[in-house]
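Asker: In my numbering, the protein residues as written are 8 to 301. Beta carbons: idealized from backbone N, C-alpha and C, even for Gly.
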Ligand code: SF4
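(1) If you run the structure through DSSP and keep just helix, strand and coil, what is residue 242?
(2) Please go through the same chain and pick out, in chain order, the residues whose beta-carbon is closer than 7 Å to the beta-carbon of residue 132, but skip the five residues on each side of it.
(3) Determine which residues share a DSSP beta bridge with residue 138 and list them.
(4) When the distance is taken between beta carbons, is residue 264 closer than 8 Å to residue 225?
(5) Heavy atom of the ligand SF4 less than 7 Å from the Cβ of residue 248, yes or no?
(6) What three-state label does DSSP hand residue 261 in the structure shown?
(7) Candidates 169, 170, 148: which alpha carbon is nearest residue 160's?
(8) Closer than 8 Å is the cut-off here; do at least three beta carbon pairs connect the region 161 to 170 with the region 120 to 127?
(9) Do you know offhand how far residue 87's Cα is from residue 155's?
(10) Tell me, which residues are paired with residue 130 by DSSP?
(11) When the Cα of residue 202 is compared with those of 293, 101, 113, which residue comes out closest?
(12) Can you determine whether any heavy atom of the ligand SF4 sits closer than 7 Å to the C-beta of residue 126, and answer yes or no?
(13) Taking 8 Å as the threshold (beta carbon to beta carbon), is residue 116 in contact with chain B?
(14) What residues in its chain sit with their C-beta under 6 Å from that of residue 235, if we drop five residues either side in the sequence?
(15) Using only alpha-carbon positions, find the residue among 193, 111, 172 that is nearest to residue 144.
(16) Which residues in the same chain as residue 98 place their Cβ atom closer than 7 Å to its Cβ, once the five residues preceding and following it in sequence are excluded?
(17) Does DSSP put residue 158 in a helix, a strand or coil?
(18) From residue 220 to residue 151, what does the alpha carbon distance come to, in whole angstroms?
(19) Could you check whether the Cβ of residue 115 sits closer than 7 Å to any heavy atom belonging to the ligand SF4?
(20) So for residue 125, helix, strand or coil by DSSP?
(21) Buried or exposed for residue 306, going by 16 or more other Cβ atoms inside 10 Å?
(22) Grouping DSSP H, G and I as helix and E and B as strand, with all else coil, what is residue 357?
(23) For residue 107 versus residue 139, is the C-beta distance shorter than 8 Å?
(24) In three-state DSSP terms, what is residue 231?
(25) So what does DSSP say about residue 250, is it helix, strand or coil?
(26) Please report the straight-line C-alpha distance between residue 249 and residue 271, rounded to a whole angstrom.
Written as structure tokens, this is what we have:
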């Protein structure tokens with residue numbers, strides 16, 4: 008196996024990979040031999056270019072972040088530097104702490120300088136079978152540092168209770184961890200920058216089912232652009248980006264989509280539809296539906 012003898016070259020490779028890790032990019036692939044540079048020892052790390060020539064398709068499908076590493080000439084250093092810190096531990100509590108430490112006082116996207124009080128990482132059972140994912144923190148969540156603690160959070164608590172679960176039984180997180188100003192919808196670049204940390208949380212928790220709360224969460228997790236009417240009512244197979252398929256004993260989660268509790272507060276007539284979604288989830292994880300409505 009070829010190795011990098013030149014210490015400057017090793018340092019340059021390490022710096023470049025750390026740079027991408029800082030951006031939340033951990034997934035790399037190696038180009039095939041016939042794509043490699045004729046100058047075999049040269050190192051080039053470059054962003055992947057989406058193959059579609061249709062701008063609207065690129066926009067809708069939001070290709071996952073990855074980078075091409077040309078001629079990774081030292082596989083040991085490559086493996087060490089692209090490993091996520093939590094992959095060295097098996098205990099999910101410790102693993103989540105490591106992800107939180109890696110996130111740090113995050114300034115990776117512009118939401119860090121748009122009035123956030125604190126990062127809202129996620130809360131709940133690190134071994135939960137059921138995980139809820141929302142869009143982003145609101146004012147109450149920003150103030151308290153916990154997702155879904157305002158009026159929408161109270162409704163989510165009622166939904167969880169109606170499922171015969173406690174809030175402590177599940178894990179709750181958002182696509183972005185900092186409050187968008189004025190509760191605006193998080194922008195694509197903000198979601199793309201922050202969601203790798205959510206993916207890592209999911210990979211550690213290994214839930215049986217993820218419920219995406221609202222269209223923003225659904226579209227970001229599934230990378231598909233469709234109305235709620237099409238997204239709801241079925242399960243999707245979900246494996247977070249970067250999770251190792253060899254991770255025993257988890258083969259990914261089922262993902263269901265339902266309305267965001269804040270939407271249900273605005274339009275309570277849709278609660279019955281949300282309850283249907285939750286009943287579908289309950290059936291899958293073996294819970295008996297006790298009530299006719301949330
Ligand atoms: S939203 Fe996420 S990526 Fe952006 S600053 Fe906050 S923690 Fe960092």
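Answerer: The answer reads as follows:
(1) Locating residue 242 in the chain shown gives position 235, where the first residue counts as 1. DSSP places residue 242 in coil when its eight states are reduced to three.
(2) For this step, residue 132 is matched to residue 125 along the chain shown. Hits under 7 Å: 175, 176, 177, 178.
(3) For the purposes of this step, residue 138 is taken as residue 131 along the chain shown, with counting starting at 1. Note: residue 138 sits in a beta bridge opposite 178, 217.
(4) Numbered from 1 along the chain shown, position 218 holds the residue referred to as residue 225. Numbered from 1 along the chain shown, position 257 holds the residue referred to as residue 264. Yes, the pair counts as a contact, with Cβ atoms nearer than the cut-off.
(5) Locating residue 248 in the chain shown gives position 241, where the first residue counts as 1. Outside the cutoff, so no.
(6) If you number the chain shown from 1, residue 261 lands on position 254. Correct three-state label for residue 261: strand.
(7) For this step, residue 160 is matched to residue 153 along the chain shown. The option with the nearest alpha carbon to residue 160 is 148.
(8) no
(9) Walking along the chain shown from the start, residue 87 turns up at place 80. Walking along the chain shown from the start, residue 155 turns up at place 148. With a pLDDT of only 43 at residue 87, under 50, the local geometry of the prediction cannot be trusted, and the value read off the model is given with reservation. Distance between the alpha carbons of residue 87 and residue 155 is about 36 Å.
(10) Sequence index remark: in the chain shown, residue 130 carries index 123 (1-based). In the DSSP output, where bridge partners are listed per residue, residue 130 has 179.
(11) As a working mapping, residue 202 is identified with position 195 in the chain shown. The residue with the shortest Cα to Cα distance from residue 202 is 113.
(12) Taking the first residue of the chain shown as 1, we reach residue 126 at position 119. Yes, since a heavy atom of the ligand SF4 falls inside the 7 Å radius drawn around the Cβ of residue 126.
(13) Looking for chain B here will not work: only one protein chain is present.
(14) Locating residue 235 in the chain shown gives position 228, counting from the first residue. 222, listed in sequence order.
(15) The residue you call residue 144 lines up with position 137 of the chain shown. Measuring from the Cα of residue 144, the nearest candidate turns out to be 193.
(16) For the purposes of this step, residue 98 is taken as the residue at position 91 of the chain shown. Nothing listed; no residue qualifies.
(17) Here residue 158 refers to the residue found at position 151 when the chain shown is read from its first residue. Here residue 158 sits in helix by DSSP.
(18) Position 213 of the chain shown, counting from 1, holds the residue named residue 220. Position 144 of the chain shown, counting from 1, holds the residue named residue 151. So the two alpha carbons sit approximately 20 Å from each other.
(19) In the chain shown, the residue the question calls residue 115 occupies position 108. Under cutoff, so the answer is yes.
(20) One-based indexing of the chain shown puts residue 125 at position 118. It is coil, neither helix nor strand.
(21) There is no way to answer for residue 306, as the model of the chain reaches only from 8 to 301.
(22) Since the first and last residues shown for the chain are 8 and 301, residue 357 lies out of range.
(23) Position 100 of the chain shown, counted from the start, is the residue given in the question as residue 107. Position 132 of the chain shown, counted from the start, is the residue given in the question as residue 139. Their beta carbons are not under 8 Å apart, which means residue 107 does not touch residue 139 by this criterion.
(24) Counted from its first residue, the chain shown places residue 231 at position 224. It is coil, neither helix nor strand.
(25) To locate residue 250, count along the chain shown from 1; it is residue 243. Residue 250 falls in the coil class under three-state DSSP.
(26) The residue labelled residue 249 in the question sits at position 242 within the chain shown. The residue labelled residue 271 in the question sits at position 264 within the chain shown. Using only the alpha carbons, I get a separation of about 33 Å.
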